[in-house]
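Position 108 of the sequence shown, counting from 1, maps to 102 under the numbering used here, and the rest follow consecutively.
The structure under discussion appears below in the form of structure tokens.
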Amino acid sequence: MSKTIRAVLFDLDDTLLENDMHRFVREYFGLLTPHMAHLVPPKEFVSALFHATSAMIQNADPALTNRQVFIDHFFPRVGRTAEEMMHLFDEFYAKPYGTLRSLTRPNPSARAAIQAALDTGCDVVIATNPIFPETAIRQRMEWADVSDFPFKLVTSYETMHSAKPNPNYYREIVGLIGRRPEECIMVGDDWGNDMAPAMKAGLQVYWVNNATESRKAVDTPARGTLVEFGKWFLGTGRE
């Protein structure tokens, strides 16, 4: 495979932003369910949210954004309309969601890695799983201290029509930024969500090592820490 790279896609959580997603999701539900409890009982709400999230992940209809899939699957499940409840989600992301910042830390190597890509003239994309609204993703970018970079694209549920681990998610990104798959490299920590589907879509990959997934290392030609990515990219990693 050619090493010529014209676009770099960065995962966000546990790549640019140190974030224990298991803890984060638990605390996220702990804040969100009380915010909706006057309209939907907590257990029913959580069940519907998981159902709608699963539907977004499985979305294979290029005519439907993930946001529309969420609306189509969540609100009928709770017996409410989008008009009744969407403003409550907006209120949640405007204030309570921000308190989750304390659970995260910026990866100290994130800015240098992004700058390394930009310095070579590459397009840079935040390729986070688009099952959240843009406001939630933009806030996590702020928490990661990377929100000020000129990204070509930030994926969110408003704009994307597929999600990780569907290879079509990566194909859609490539199309949106006007590149060929082989000109793009995905940088991420998660084998199942980042590496495997990106390779299936024809992208190059750089695996940000995670000790729990070291068994996969033999399958990834480029791997290391995020700080090592910057050195690799500016050195032998790019023609």
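In this text, a Cβ means the ideal position worked out from N, Cα and C, and glycines have one as well.
It should be emphasised that the depicted structure is a prediction, and the values quoted were computed from it without experimental measurement.
query, result
"Can you tell me whether DSSP reads F244 as helix, strand or coil?", "Beyond the ends of the chain as shown, which are -5 and 233, falls residue 244; an answer cannot be given."
"Output the boundary residues of the alpha helix (DSSP H) element that contains V72.", "N60 to V72"
"Within 7 Å (strictly less), CB to CB, does I125 reach chain C?", "Annotation note: the requested chain C is absent from the structure, which comprises a single protein chain."
"Leaving out five residues on either side along the sequence, give the residues of the same chain with a beta carbon under 7 Å from the beta carbon of E38.", "V72"
"Using a 10 Å radius around the Cβ and a threshold of 16 neighbouring Cβ atoms, would you call Q52 buried or exposed?", "exposed"
"Do P124 and S141 have their C-beta atoms within less than 7 Å of each other?", "no"
"Are the CB atoms of F4 and V148 within a distance shorter than 7 Å?", "no"
"Using a 10 Å radius around the Cβ and a threshold of 16 neighbouring Cβ atoms, would you call V244 buried or exposed?", "One cannot answer for residue 244 here, as it falls past the ends of the chain, which runs -5 to 233."
"Checking 7 Å against the spacing of the C-beta atoms, do P127 and P159 come in under that value?", "no"
"Going by alpha carbons, who is nearest to D183 out of R217, I171, E166 and R165?", "R217"
"Count the other CB atoms within 10 Å of the CB of G24; is the residue buried (16 or more) or exposed (fewer)?", "exposed"
"Compute the distance between the beta-carbons of F69 and H29, then report whether it is under 7 Å.", "no"
"So W185 is in the alpha helix (DSSP H); what residue range does that whole segment cover?", "Premise fails: W185 is in no alpha helix (DSSP H) and is neither H nor E."
"For S103, which option in Y200, T(-2), L11 and S41 has the closest C-alpha, if you only look at C-alpha atoms?", "L11"
"If you check the beta carbons only, do A46 and H67 fall under 7 Å apart?", "yes"
"Alpha carbons only, please: which of A1, N60 and E78 is nearest the one belonging to H32?", "E78"
"Around the C-beta of D113, are 16 or more other C-beta atoms found within 10 angstroms, so that it is buried, or is it exposed?", "exposed"
"Hey, could you find the ends of the beta strand (DSSP E) V202 is sitting in?", "Q198 to V202"
"Quick one: what's V119 bridged to in DSSP?", "L3 and L147"
"Give every residue of the same chain whose Cβ lies closer than 8 Å to the Cβ of F145, excluding the five residues on either side of it in the sequence, and list them in chain order.", "V118, V119 and I120"
"Would you tell me roughly how many angstroms separate the C-alpha atoms of G172 and P35, rounded to the nearest one?", "45 Å"
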